[in-house]
Structure formats: C-alpha cells, structure tokens
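Numbering (the UniProt record's numbering), first residue to last: 1 to 337.
For each residue, glycine too, the CB sits at the ideal point set by N, CA and C.
Model, not experiment: these values are computed from the prediction.
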C-alpha cells in the first residue's frame, strides 16, 4: 500500500483525505516513480469540487505533475530510464501519492542542480505554457504577449518562455508583489487588474496596436477588455475559465472586426502521442535553458511547500489566489513496500 490524498466526496479543501490505497503496478511501457514532490494546479481544485473529472483511464488521485526517483520499469519499456534516475513527470492524475506509474515518454530528467521541489514545479505548468505559446498561438519574435495571472505557475513560466523566444511579455496580476515578481522574471509591463483597466494600459504600452497574443485563464469576465486590446489578426488563447465561462454581448462581432482568432486548449485530455511529442520538444528546446550555464537561466518560481497532511491548507492558499508561483506538496515516502 501507499499513502495518497483522496477526494472521495466532492466539496471544499476539508474534504481531502490522507489514506492508504493500493500502490500502482506499472503497465506496459510505464515506469513506477517513488514521488518526492508534487505540484498543485487549478485543475486539482476543480476536480476536488467535482466539476472536472479525470479523463477515462486516469488515476482518481489528484495531481498532474510530480518529481521523484524511478523504482521499477514495467514490461516493454525501451530502457530510456533505469532504477534510481531522478525524473519529473507529466501526469493525467495520481501525483498526490507516494508512488505513481507513468508512461515512459512523459518523463524528463531532473536538472542536476534542482531539488525535487523545484522539479515538481515544472511539468504541468511549463509544458502548458510551452504548448500555448508555441503549438497553439505560434508566437513569433517581437510579438507582444498579454499573460493573465502573470504570477501563477503557468504565468511565471510563460513570461520566461516569451523572453526566450524573443517576444515581449506583459502581464496582469492582482497585487503589487505579484507584478514585482513578474517584472523580475522579464515582464516588460504589468497591470493590476483590480486597480486599473488592463486593456487601456495594454493599448498604451503597444502604442495602440494591441497584444498579438493573449494567454487567458480568466475568460468570461474579461472578454470585452481582451477583444479591446487584441491586435488586428491577433490570437486570443483561452485555457481556463476562472472568471466565468458564460459570455454575454457582441463578442463575435467585435472579434470579427479585428479578424481575431479565438483559440482554446487543454493539456490533460490530450492523447499520449500528443503529450509525448510535447515533452520531447520541450526537453530538446527548453530544458537545456534551465542550466545555470545558460545565458539567461530559466527558473521555476516556488511560492510555498506543504507536507501531505497539510494539503487542505495548500488548496486554500491557491483558492484565495495568495500564491506567487507554484505551491508544492512535499510527499513523505513511507517505509512500507
């Protein structure tokens, strides 16, 4: 058996339970990892509330990214990994547990100078940002990218990936501290959406041209401002609906007048083949830039670390938008085999 965080009854953070469950057996082409750390994501909160069920066949345990040590290879593995390797993994579930079984193609090596806490902050957040910028929006050098929730896990990754691609990141966030962090990471401008009209500010920054790309996890509540500050032929990428999924008004007419593209994307529900190709591209193009020897090293931003038995507090912190960067779950590996 192993310890895992379960959400058997949908509801608030207090419904999260720490209990013993059967340890997973690696299936064909899978690798078993002893988890040392796992990252929190907004999807975990939605799944806990019962509004975002895991895709068919995925673990019911929460957790979309983890870092740890390879302990066992399932049948048919291509000897990409050996027992003892330090790895980080993109998961469709199962990260809030002492062990998780993962398709071998969805593992990446942990950068040698990184802790497991740092490594656990990378897979879901950075692969999401990489996917949104390069595969969905197809960002180009010199373009301005407006990133909502610029101090979130995806936001802090997207800022740095924009800079790496030669694009110009500008962000929204809800506090001066969050905007300060965003600017330290390379944001060219930051707007406090609670105190100012980010659309006006973005238009002013771009001298009236607007943002070429908008990365939007807010959606409904900001659609008018998004369309207002989108450039002609701009790409508006929706990957979450934190600010409502309902839209009222002349959204299509206003978008059409700018010839704007409305794109949507999720990562969790993608096929294994898609995720494997994404991991491969990220590993080749981006992972080397986490090295301290890189010209401008990329870094995951960690807000806080909680033990497994504090998982309810970790969820509350994310739910109240207090975090700047990633919230990490430190997983205690029990001695039970």
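Taking residue 314 as the centre and dropping the five residues before and after it, the same chain places the C-beta of 40, 306, 327 and 329 closer than 7 Å to its C-beta, in chain order. Ranking 30, 38, 263 and 2 by CA distance to the CA of residue 302 puts 38 first. The shortest CA-to-CA distance from residue 304 to any of 13, 76 and 121 is the one to 121.
In this structure the stretch 46-55 does not touch the stretch 68-82; the number of beta carbon pairs closer than 8 Å is below three. For residue 261, the uninterrupted beta strand (DSSP E) run begins and ends at 261-264, by DSSP.
Rounded to the nearest whole angstrom, the CA to CA distance from residue 92 to residue 43 is 11 Å. Counting only runs that start and end inside the stretch 129-197, the beta strand (DSSP E) elements of at least 3 residues fall at 144-147, 168-173 and 189-192. In this structure, the beta-carbon distance from residue 106 to residue 275 falls below 9 Å.
Following the DSSP letters along the chain, one finds residue 65 inside the beta strand (DSSP E) bounded by residues 65-73. Shown here, residue 15 sits in a helix according to DSSP, grouped into three states. Secondary structure note for residue 4: its beta strand (DSSP E) is the uninterrupted segment 2-6. Counting only residues of its own chain and dropping the five nearest sequence neighbours on each side, residue 272 has a CB closer than 8 Å to the CB of 103, 105 and 106. At a Cβ-Cβ threshold of 9 Å, residue 236 and residue 261 count as neighbours. Restricted to the stretch 199-259, the alpha helix (DSSP H) segments that are unbroken, complete and at least 4 residues in length are 223-228 and 251-257, listed in chain order. Residue state for residue 314 is assigned as helix, using DSSP reduced to three classes. Using a Cβ distance threshold of 9 Å, residue 31 and residue 110 do not count as a contacting pair.
Listed in chain order, the beta strand (DSSP E) elements of length 3 or more contained wholly in the stretch 44-120 are 65-73, 86-90, 99-103 and 107-109. Bounds of the beta strand (DSSP E) holding residue 326 are 326-330. In this structure, the alpha-carbon of residue 49 lies about 26 Å from that of residue 157. The straight-line gap separating the alpha-carbon atoms of residue 150 and residue 258 is approximately 25 Å. Contact check between the stretch 280-299 and the stretch 171-178: fewer than three CB pairs, one atom from each, fall below 8 Å, which does not count as touching. By the C-beta density criterion, residue 1 is exposed, having fewer than 16 other C-beta atoms within 10 angstroms.
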